[in-house]
Amino acid sequence: IFCIFCSFRQINFVLLISRQGKVRLTKWYSPYAQKERTKVIRELSGLILTRGPKLCNFVEWRGYKVVYRRYASLYFCMCIDAEDNELEVLEIIHHFVEILDRYFGSVCELDLIFNFHKAYYILDEILIAGELQESSKKNVARLIAAQDSLVEAAKEEANSISNIIAQATK
Amino acid sequence: MDTVEKIVEDFASDIAISSFSSGTRLRDMIRAIRACKTAAEERAVVRRECAEIRTAISENEQELRHRNMAKLMFIHMLGYPTHFGQMECLKLIAAAGYPEKRIGYLGLMLLLDERQEVLMLVTNSLKQDLNHSNQFIVGLALCALGNICSAEMARDLSPEVERLMRSREVNTKKKAALCSIRIVRKVPDLAENFMGLASSLLKEKHHGILISAVQLCTELCKASKDALEYLRKNCIEGLVRILRDVSNSSYAPEYDVAGISDPFLHIRVLKLMRILGQGDADCSEYMNDILAQVATKTESNKNAANAILYECVQTIMGIEATSGLRVLAINILGRFLSNRDNNIRYVALNMLMRAITVDTQAVQRHRTTILECVKDADASIRKRALELVYLLVNDTNVKPLTKELVDHLDLADPDFKEDLTAKICSIVEKFSQEKLWYLDQMFKVLSLAGNHVKDDVWHALIVVISNASELQGYSVRSLYMALQSFVDQGSLVRVAVWCIGEYGEMLVNNVGMLQGEKPITVTESDAVDAVQIALNRYSADVTIRAMCLVALLKLSSRFPSISERIQQIVSHNKENIVLELQQRSIEFSSIMQRHQSIRPSLLERMPVLDEASYLLKRASTTQATLAADKPTPAVTPGGLKLPNGVAKLATSPLADLLDLSSDDVPAVTTASTTTAPNNFLEDLLGIGQINASTAGAPSSASTDILIDLLSIGSSSSQNGPPAAGFSPPSQVGAVVPEATDLLGNLSSSTPVSGTKSTPAVPQDIDLLDVLPSNTSVSGLDNHSSITAFQSATLKINFDLKRQPGKPQETAIHATFTNLTSTSYTDFVFQAAVPKFIQLRLDPASSNIVPASGNGSVTQGFSVTNNQHGQKPLAMRIRMSYKVNGEDRLEQGQVSNFPPGL
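If you read the protein sequences in the order shown, they are chains V and H. Sequential numbering from 1 applies to the first sequence in this note's numbering. Sequential numbering from 171 applies to the second sequence in this note's numbering.
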């Protein structure tokens, strides 16, 4: 008689934290005020960074679940509802990491520090509203490349204009 | 590293579009920040950068806007305030070029959230971009809208998004579908506009569109009943086809994850199927075959495959599946549970918890494995397993399960001990069938984890001991022995000290020995030693010290030969800096020295504590605590101010003591404590209430009762094991006749008239349960009524009618009465029964329960006991309702059905 009621918001937020607790990327799909965000990050760093290597990849936190996975020095964390599929979220994390890896060519933490905005652009092609957008890594790579080349074209145009101005004012 | 530098180089030039620009580049700023050795240095760099950015903003320098936005985002990520840059996002978005828009939208999503008013200003730009001819600009706008739009924006821009779902671009279509999810979440009324579009997208081939559309359908079902019905009619075929195609498809490198084609699409379709199939037999039947196929054909050695199986099991458990399919699902969970991967075991435990309501027996089969998980090294797994074990406990397995849990207490992680202790106590209280067993378990818990036992638990233990006249001797001896080895466990010390004070002579004289109990040799001075050690050891714990002083005072009357020594110990505290202890010491000393004539009657044993009223207080206290956890304090019944009695200790008994010493007449001081709420500790500690026995007997009568109690205790030791009177035979749930038997036994074995002994009669053991079972049985044969549930807020009566000629069928008429002064709305009653019982619920007469018992709600239902005569009727019930709009939940177990149902 007790029905199994499920809620279906997929991902509440995404966090990338380094082993030292430095934030490398945050994306909030549910409303959290600025102060609250800092608190959440601090709480979760304390919970996750201290866990041993052989334990399961899930921690229960404030009635939610945080699925995390460590890649070298970085922890990729996604917060989901208690009813959601934890195993699938692990796959989503890996999906994201593989796409980053192909884009940067063996991605490392420094890539994500100096090119943090690119990591965000890629994430925006994978998730919208906390829901999955694209299951094909190739499609994501193609879309990002197309948009990068738009930026490239605009830059060249700007350069050529400035060259013309420079020559005219010589 | 080379590649990093190169990309950084590229990026830096990409940011600094104009070669004339001044100031540091993004890369330089990041380097400068990373080079900082202290937080102060970092703050200085950030401050300098922010100042430059502010200047650039005020001078409206367009060339630097792009780069400054990137810097601001980095600074924001470090946790510094960046609100001054919010308007810059809007300017970048309004620019014509793609690079500006791209970084502008990113800044918008990062620096702002939906509650900021600035966001409204962007609506116009968003509208323009949604209508842009470049699909990537449309994509940027859709992404931003989907991630941060507010309800107002959702309403304003919904028509644009609907239109874009019909676009020819794949990229635009899928983004528009996901964006609609956010729109529907913000404004559920808009759901109906999207349902036709969403179901037509399910006919597409592109996986990105399919995934987005399936997720949108899921959201629509949640938002609107009409949409759910519409999608049930129109989508189920499409979904089955999608799942069949993807699960049968040959190797596709684009979507392959560990040998499985697109696990993400699999999982999302399964999830939507669960919603469509829930409560709909036709829909469920339609998906039967494909679910069986996915459950059997998915190879489960990789995480992706297990993720699909896990989702598939959830769907099978959620829909109206055939029993064959359910067996398949439970077997998958069994395999998961024995997997060596911690992640898989975790989700198995998680899922079994939900499966328990569907098929308890199947989950019970895995009990041993689950119990092993309670001892796992991983905290997440332990926590899940413990909660599951708690749900698995029933009358038949409670003893072995409790034993396992108690045995583990010793080895458990300190962090975990608190959870474990709370659960063991709760199990022991709920399921104890014999007092002796309950006491033994509680003594073990107190010894191993006494510091984690909550106050209300040890309070309840004292109430039980006080009521169990035959077990008082055994209790005080067991506690004394435990105290010798575990003096560092606070709650153990409290209970032991209280018992030594009350039943000291039973300790010394081995009164009321149980069969098989070994006699121990404890002298009067040993008993005093034990209390003295506790008094000295817990120098900072006022509660323990106060209890010790009371115990010593009582012992001074029980052991007159060493009262000199006791007096000395007590007077040591005359100068204690804690006022409470100082006062006790001075006043107790004066009782011992100057009022020897009244001392024996003053220090008689505590009257039997009223279990029923304690349980009622305790239940309402727990509720008050729960309510206090919520942000808005709710009206709590019973007018309780404190979550538990401890804080009152310092004041209330003090007042009693003052009265006591000034009047010299103890009988006068007794307030009507038994009816006043939350005076439990006063009941325990306050010695002023000599004659506060529930029957309200005059003080002379209370002595008689004490003698009665003693005589019962001693006579029973001759009559064989006293525990036998308490332990019901294996017939579980037949609680009512036991209670009557007990009454009969006692009144026949004691030469006292019935009225006098009433307060001393041990209450039925079921009182230990949170639910008081004041069972009133009228006519056991065909028609009877019971109080199925009573808390401080809610009372439920069952009128039971057996169908003539069909002994296994019982019609039940439930009456719900609201005991508080606020009416309950959205009242829902749910019941769960073991598998061998069938249950049919009729609708309730209303879903509003009026306040103060002013009328009540009724609901009829019938149960069929398929194992009638072999197993008794049992039922778990759950009532959810709202008080002033706030959700409340109460639950309980009905185990007081008359026998023979």
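From the three backbone atoms N, C-alpha and C, an ideal C-beta is built for every residue, glycine too.
Taking C-alpha atoms, which residue in the options lies nearest to residue i?
{"i": "residue 65 (chain V)", "options": "V:14, V:19, V:161, V:111", "result": "V:14"}
{"i": "residue 722 (chain H)", "options": "H:758, H:465, H:242, H:745", "result": "H:758"}
{"i": "residue 513 (chain H)", "options": "V:19, V:57, V:24, V:17", "result": "V:57"}
{"i": "residue 548 (chain H)", "options": "V:27, V:39, V:47, V:24", "result": "V:47"}
{"i": "residue 1038 (chain H)", "options": "H:1006, H:1022, H:1059", "result": "H:1006"}
{"i": "residue 232 (chain H)", "options": "H:262, H:665, H:638, H:1049", "result": "H:262"}
{"i": "residue 340 (chain H)", "options": "V:139, V:169, V:164", "result": "V:139"}
{"i": "residue 1004 (chain H)", "options": "H:981, H:628, H:607, H:1034", "result": "H:1034"}
{"i": "residue 55 (chain V)", "options": "V:62, V:63, V:67", "result": "V:67"}
{"i": "residue 697 (chain H)", "options": "H:712, H:649, H:403", "result": "H:649"}
{"i": "residue 147 (chain H)", "options": "H:471, H:485, H:771, H:587", "result": "Residue 147 (chain H) lies beyond the residue range present for chain H, which begins at 171 and ends at 1071; the question has no answer from this structure."}
{"i": "residue 672 (chain H)", "options": "H:202, H:646, H:971", "result": "H:646"}
{"i": "residue 491 (chain H)", "options": "H:504, H:460, H:472", "result": "H:460"}
{"i": "residue 477 (chain H)", "options": "H:517, H:333, H:598", "result": "H:517"}
{"i": "residue 531 (chain H)", "options": "H:554, H:553, H:496", "result": "H:496"}
{"i": "residue 555 (chain H)", "options": "H:208, H:521, H:308", "result": "H:521"}
{"i": "residue 991 (chain H)", "options": "H:963, H:247, H:1016, H:211", "result": "H:963"}
{"i": "residue 70 (chain V)", "options": "V:162, V:63, V:91", "result": "V:91"}
{"i": "residue 351 (chain H)", "options": "H:338, H:325, H:337", "result": "H:325"}
Residues in its own chain within less than 7 Å of residue i by CB, not counting five upstream and five downstream?
{"i": "residue 557 (chain H)", "result": "523"}
{"i": "residue 509 (chain H)", "result": "515"}
{"i": "residue 438 (chain H)", "result": "381, 384, 385"}
{"i": "residue 676 (chain H)", "result": "642, 643, 646, 682"}
{"i": "residue 152 (chain V)", "result": "none"}
{"i": "residue 344 (chain H)", "result": "378, 379, 382"}
Only counting the same chain, and skipping five residues up and downstream in sequence, which positions put a Cβ closer than 6 Å to that of residue i?
{"i": "residue 431 (chain H)", "result": "416, 419, 422, 425"}
{"i": "residue 580 (chain H)", "result": "618"}
{"i": "residue 1046 (chain H)", "result": "1002, 1063"}
{"i": "residue 408 (chain H)", "result": "372"}
Should residue i go down as buried or exposed, given a rule of 16 or more other Cβ atoms within 10 Å for buried?
{"i": "residue 679 (chain H)", "result": "exposed"}
{"i": "residue 452 (chain H)", "result": "exposed"}
{"i": "residue 273 (chain H)", "result": "buried"}
{"i": "residue 742 (chain H)", "result": "exposed"}
{"i": "residue 270 (chain H)", "result": "buried"}
{"i": "residue 1080 (chain H)", "result": "In the structure as shown, chain H begins at 171 and stops at 1071. Residue 1080 (chain H) is therefore absent and cannot be evaluated."}
{"i": "residue 1072 (chain H)", "result": "A query on residue 1072 (chain H) cannot be resolved here, the shown segment of chain H reaching from 171 to 1071 and no further."}
{"i": "residue 165 (chain V)", "result": "exposed"}
{"i": "residue 74 (chain V)", "result": "buried"}
{"i": "residue 39 (chain V)", "result": "exposed"}
{"i": "residue 789 (chain H)", "result": "buried"}
{"i": "residue 566 (chain H)", "result": "exposed"}
{"i": "residue 501 (chain H)", "result": "exposed"}
{"i": "residue 958 (chain H)", "result": "buried"}
{"i": "residue 466 (chain H)", "result": "exposed"}
For residue i, which residues from the same chain have a beta carbon less than 8 Å from its beta carbon, with the 5 sequence-adjacent residues on both sides left out?
{"i": "residue 141 (chain V)", "result": "99, 102, 103"}
{"i": "residue 391 (chain H)", "result": "397, 398, 401, 442, 445, 446"}
{"i": "residue 1036 (chain H)", "result": "978, 1006, 1007, 1008"}
{"i": "residue 109 (chain V)", "result": "18, 24, 72, 73, 74"}
Original post:
Would the stretch 616-629 of chain H and the stretch 584-594 of chain H be scored as touching if the rule is three or more Cβ pairs under 8 Å?
Top reply: yes
Original post:
Hey, which unbroken runs of the alpha helix (DSSP H) at 4 residues or more fall wholly within the stretch 388-440 of chain H?
Top reply: 395-418
Original post:
Does the count of Cβ pairs from the stretch 1039-1053 of chain H and the stretch 1063-1071 of chain H closer than 8 Å reach three?
Top reply: yes
Subject >> Segments assigned alpha helix (DSSP H), at least 4 residues, entirely inside the stretch 38-120 of chain V >> reply: 86-104, 109-114
Original post:
In chain order, which alpha helix (DSSP H) runs of at least 4 residues are fully inside the stretch 693-732 of chain H?
Top reply: 694-707, 712-728
Original post:
Would you say the stretch 720-738 of chain H touches the stretch 689-702 of chain H, given that touching needs at least three Cβ pairs under 8 Å?
Top reply: yes
Original post:
Which whole runs of the alpha helix (DSSP H) in the stretch 535-575 of chain H are 4 residues long or more, in chain order?
Top reply: 537-544, 549-562
Original post:
On the three-pair Cβ rule with 8 Å, is the stretch 367-374 of chain H touching the stretch 108-124 of chain V?
Top reply: no
Subject >> Segments of 4+ residues assigned as alpha helix (DSSP H) that fall wholly inside the stretch 212-287 of chain H >> reply: 232-247, 256-264, 268-281
Original post:
Should the stretch 558-574 of chain H be called in touch with the stretch 525-545 of chain H, which here means at least 3 C-beta pairs below 8 Å?
Top reply: yes
Original post:
What are the start and end residues of each continuous alpha helix (DSSP H) run of 4 or more residues lying completely inside the stretch 459-500 of chain H, in chain order?
Top reply: 473-488
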